[in-house]
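Residue numbers (our numbering): 79 to 429. Ideal Cβ positions, reconstructed from N, Cα and C, are used throughout, including at glycine. Model, not experiment: these values are computed from the prediction.
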Ligand code: TXA
Ligand code: MG
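Below is the structure:
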């Protein structure tokens, strides 16, 4: 199959939306990462997404809509209580369109293949104008995971999307580089205290400010972070997340993810000391004939924007080893470190 490239202009977006309406696959830019879209209500089309990505079929899709009124098409809001409805209203008023996905009870119209067999559905209204035009013109909600091959970093540029998807999908809308650079925050709104299942640009503090009430983070994410950052794992395990043993509640978080071909180590702790140790290690590795790159992040926003792009560029250049120095302590940093730990396969050196 030849992948047709569309421009990010009205006429081309219209053409691309016809492919979606006819059951085909089109990759498109969003403000977070590029998505791989198909009609969310068409079982065969959604099955083709799993095949194109090589994605396990129990890993559910995010369903993208362009208008708030369409939530009722795909979610059964009658299953939410008054507190949950009020929370949903506040979150959607404050953050949609934007980089946040909410988990809601699913309606009958959404096929199980779209939700990986779950009774809940992930819903997002992207702020990216191209994404919204594509959804509107297609006339259907669009199921769209990140447009990478399963296990690879999410693509944040059109070229990186094409690298993974050429020949596997009917179309790609060639937009600009994605602004945020990491995927949307996923928050489960089916309990009175919402739970963040995947951290993103919109943080726990942002949500608590808008809801004026508590928001939890999936304990397995906190545990993961504590165990790998500067908190002694013993302390992390002795907190109340001890009784949580079932792993992440967002199915996608359990899979190998974001991994570059290069071997990656994170130097965590003091930035200067990390840099010194990384330079020392790089010299030794270079003597052994390895191609080494040192990556340093001190600003979370920049790190979010550049991480996935960097990882893919390093692979293109044939880098063998990435030595990353980063200890991003603010809330957005929590989201970025979540991706970095996975990229490095938890290969972490405390400095
Ligand atoms: O920023 C984004 O969210 C991008 C763009 C394209 O919108 N999409 C994206 O999709 O990152 P994907 O499929 O790569 O990640 C979706 C995440 C996975 O971790 C998945 O397990 C989780 O959302 N998810 C989807 N439906 C869920 C559900 N019903 N319950 C719990 N987690 C769910
Ligand atoms: Mg993904």
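DSSP links residue 252 through a beta bridge to 85.
Sorting 367, 377 and 124 by C-alpha distance to the C-alpha of residue 411 places 377 at the top.
The C-beta separation of residue 209 from residue 183 comes to about 24 Å, leaving the pair out of contact by the 8 Å criterion. Closer than 8 Å to some heavy atom of ligand 2: that describes the Cβ of residue 224. Sixteen is the threshold: when 16 or more other Cβ atoms of the shown chains lie within 10 Å of the Cβ of residue 336, as they do, the residue is buried.
A Cβ-Cβ separation of about 21 Å leaves residue 357 out of contact with residue 385 under the 8 Å criterion.
Taking a cut-off of 8 Å for Cβ pairs, the segment 169-178 and the segment 200-214 touch, as three or more such pairs fall below it. Here residue 247 is near residue 81, since their CB atoms are less than 9 Å apart. Three or more beta-carbon pairs separated by less than 8 Å are not found between the segment 267-274 and the segment 138-153, which leaves the two stretches without contact. If you check the CB distance, residue 265 and residue 169 come in under 9 Å. Contact between the segment 230-247 and the segment 110-127 is established, with three or more Cβ pairs separated by less than 8 Å. Under the rule that a run must span 4 or more residues, the alpha helix (DSSP H) segments found entirely inside the segment 370-402 read 378-394.
Take residue 405, set aside five residues on each side of it, and the residues of its chain with a beta-carbon closer than 7 Å to its own are 346, 347 and 349, in chain order.
In the DSSP assignment, the residues bridged to residue 341 are 399. Sorting 352, 83 and 289 by C-alpha distance to the C-alpha of residue 245 places 83 at the top. Residue range 149-152 is occupied by the alpha helix (DSSP H) that includes residue 149. Residue state for residue 411 is assigned as helix, using DSSP reduced to three classes. Ranking 130, 391 and 298 by CA distance to the CA of residue 234 puts 391 first. Counting along the chain, the unbroken beta strand (DSSP E) around residue 202 starts and ends at 198-202. The three-state reading of DSSP puts residue 234 in coil, since its state is none of H, G, I, E or B. Ranked by how close their Cα comes to the Cα of residue 103, the residues 355, 220 and 373 have 220 in first place. Counting other Cβ atoms within 10 Å of its Cβ, residue 86 reaches 16 or more and is therefore classed as buried. Counted as a single uninterrupted DSSP element, the alpha helix (DSSP H) harbouring residue 207 occupies residues 207-216. The shortest CA-to-CA distance from residue 188 to any of 299, 140 and 407 is the one to 140. Non-local beta-carbon contacts of residue 92 in its own chain, meaning distances under 7 Å to residues more than five positions away in sequence, involve 215 in chain order.
With a beta-carbon spacing of about 6 Å, residue 413 and residue 260 fall inside the 8 Å limit used to define contacts. For residue 363, the enclosing alpha helix (DSSP H) stretches over residues 349-365. About 11 Å separates the CB atoms of residue 429 and residue 401; that is not less than 8 Å, and the two are not in contact.
Under the three-pair Cβ rule at 8 Å, the segment 120-136 counts as touching the segment 223-230.
In the structure shown, residue 228 falls within a coil segment according to DSSP collapsed to helix, strand and coil.
Beta-bridge pairing by DSSP links residue 117 to 220. When only Cα atoms are considered, residue 181 and residue 296 end up about 13 Å apart.
DSSP places residue 335 outside any beta strand (DSSP E), giving it a letter other than H or E. Rounded to whole angstroms, the gap between the alpha carbons of residue 389 and residue 160 is 44 Å.
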